[in-house]
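Peer 1:
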Amino acid sequence: MHKLTDFLASVYFGMATPLVLADTLASKAAAFKAPQEVIVHDLPLDKDGDGISTEEPFLSRDGKFLFFNSGESENHKDLHYAKLQDERWVYQAEMGPGVNTPDDVEGNPTLDSAGNFYFVDSKFPHMIRGGTFHSVTGELSDLYEVQEVPKKEVQLFRQQIFGNMGVEVSADGDLLFFDRAAWQLRLIALGQIFASDIYFLERKAGRWAYDEAKAKRIMAAINTDDCEYAESLSTDTLEIFFTRLDPRNIKPGNVRSKIMYSSRNAITEPFPKPVAIPAIGESDFVEAPSISADGQALYYHKLVRQGTFRIFKVSRKAY
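Our numbering runs 3 ahead of the 1-based position in the sequence shown.
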């Protein structure tokens, strides 16, 4: 009788736990409130005389720097940064030296607590580079290509290209998440994205290592037939925020996406099925969340007019 009771209890609680967890996730996601634009003062002007587009924000772990990329075109983006001065974000300069180029994508900046800086660079075979950020000068040094991620792969016969379009390093520098994406080709020009999944490297004995089977297991509930990309990790790596885009929602003048959220109890656990953050909504083109070190502010970008994104944030109380 005890065995039957134990069996029934295990079935009941085994079914109930995910429901409780989903409830908890929904409650945590709903804690973010009050979307507001994040103003970056003294931006350089674009060709129309407006401040350049501000995209893919990353808030440094000490809260003093805001990194982002501009968006001259889909295939040309440059890295920039702003500094917090008197509670205002003030534009400083392009990232450099030797970072931005006229005809490539340099974007999706991320930084760990020790100053290790990573970004996407489309002109390199593995499409992700690393270096050291110097907070006093604002410069990057010791740049190198991260060769442990899969390389860019072009399939001309199928008119498809596979590559990496996102990167996020954990605060402790031991995990490096990246987005493996696929685009249609138009002869040799880049076309529409049709797939993207989030995976990660782990630092072992001072080097990056890619265990694809482990990454797929941890991210199984995150990755779907939609495009998942541009992720951000909480300081303890237990929370993840990311963009989800259904390729069917990519329509001229009306792209819709959402910022998703999931949370786990330990870094060895897979992330459970995520939920959307209601305050951000699902009717705009929103991407690239970045959570502050204290977990209270979530930055992201939103399309405000054709060709121009602006940085926004939602906030929650200390938890």
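Backbone N, C-alpha and C define an ideal beta-carbon position, used for all residues, glycine too.
Quantities reported herein were computed from a predicted structural model and do not represent experimental measurements.
Taking C-alpha atoms, which residue in 203, 40 and 187 lies nearest to residue 274?
Peer 2: 203
Peer 1: With 16 as the cutoff for other CB atoms within 10 Å, does residue 306 come out buried or exposed?
Peer 2: Its Cβ being crowded by 16 or more others within 10 Å, residue 306 is buried.
Peer 1: Quick check on this structure: which residue in 143, 296 and 126 has the alpha carbon closest to the alpha carbon of residue 133?
Peer 2: 143
Peer 1: Classify residue 78 as buried or exposed, calling it buried when 16 or more other Cβ atoms lie within 10 Å of its own Cβ.
Peer 2: exposed
Peer 1: Check whether the segment 208-219 and the segment 229-246 touch, using three or more Cβ-Cβ pairs below 8 Å as the test.
Peer 2: no
Peer 1: Pairing CB atoms from the segment 244-264 with CB atoms from the segment 285-292, are three or more of them under 8 Å?
Peer 2: yes
Peer 1: Do you know how far the Cα of residue 196 is from the Cα of residue 189?
Peer 2: 12 Å
Peer 1: Runs of 3 residues minimum, wholly inside the segment 140-176: which ones carry the beta strand (DSSP E) assignment?
Peer 2: Restricting attention to beta strand (DSSP E) runs no shorter than 3 residues, the segment 140-176 encloses them at 142-148, 156-158 and 163-172, ordered along the chain.
Peer 1: Beta-carbon separation of residue 313 and residue 36 under 8 Å?
Peer 2: no
Peer 1: Taking buried to mean at least 16 other C-beta atoms within 10 Å of its own C-beta, is residue 260 buried or exposed?
Peer 2: buried
Peer 1: What are the start and end residues of each continuous beta strand (DSSP E) run of 3 or more residues lying completely inside the segment 231-278, in chain order?
Peer 2: 242-248 and 261-266
Peer 1: Measuring CA to CA, which of 38, 89, 288 and 71 is closest to residue 256?
Peer 2: 288
Peer 1: Who does residue 289 pair with in a DSSP beta bridge?
Peer 2: 305
Peer 1: By a C-beta neighbour count over all protein chains shown, 10 Å radius and 16 as the cutoff for buried, is residue 309 buried or exposed?
Peer 2: By the 10 Å Cβ count, residue 309 comes out exposed.
Peer 1: So, using beta-carbon positions, are residue 123 and residue 170 closer together than 8 Å?
Peer 2: Result yes, Cβ atoms of residue 123 and residue 170 sit closer than 8 Å.
Peer 1: Where does residue 325 fall in DSSP's three states?
Peer 2: With the chain running from 4 to 322 in the structure shown, residue 325 is simply not present.
Peer 1: Between residue 179 and residue 67, what straight-line distance do the alpha-carbon atoms span, to the nearest angstrom?
Peer 2: 22 Å
Peer 1: Reducing DSSP to helix, strand and coil, say where residue 5 ends up.
Peer 2: At residue 5 the pLDDT is 40, less than 50, meaning the model places this residue with poor confidence and gives no usable figure here.
Peer 1: Do residue 97 and residue 87 have their CB atoms nearer than 8 Å?
Peer 2: no
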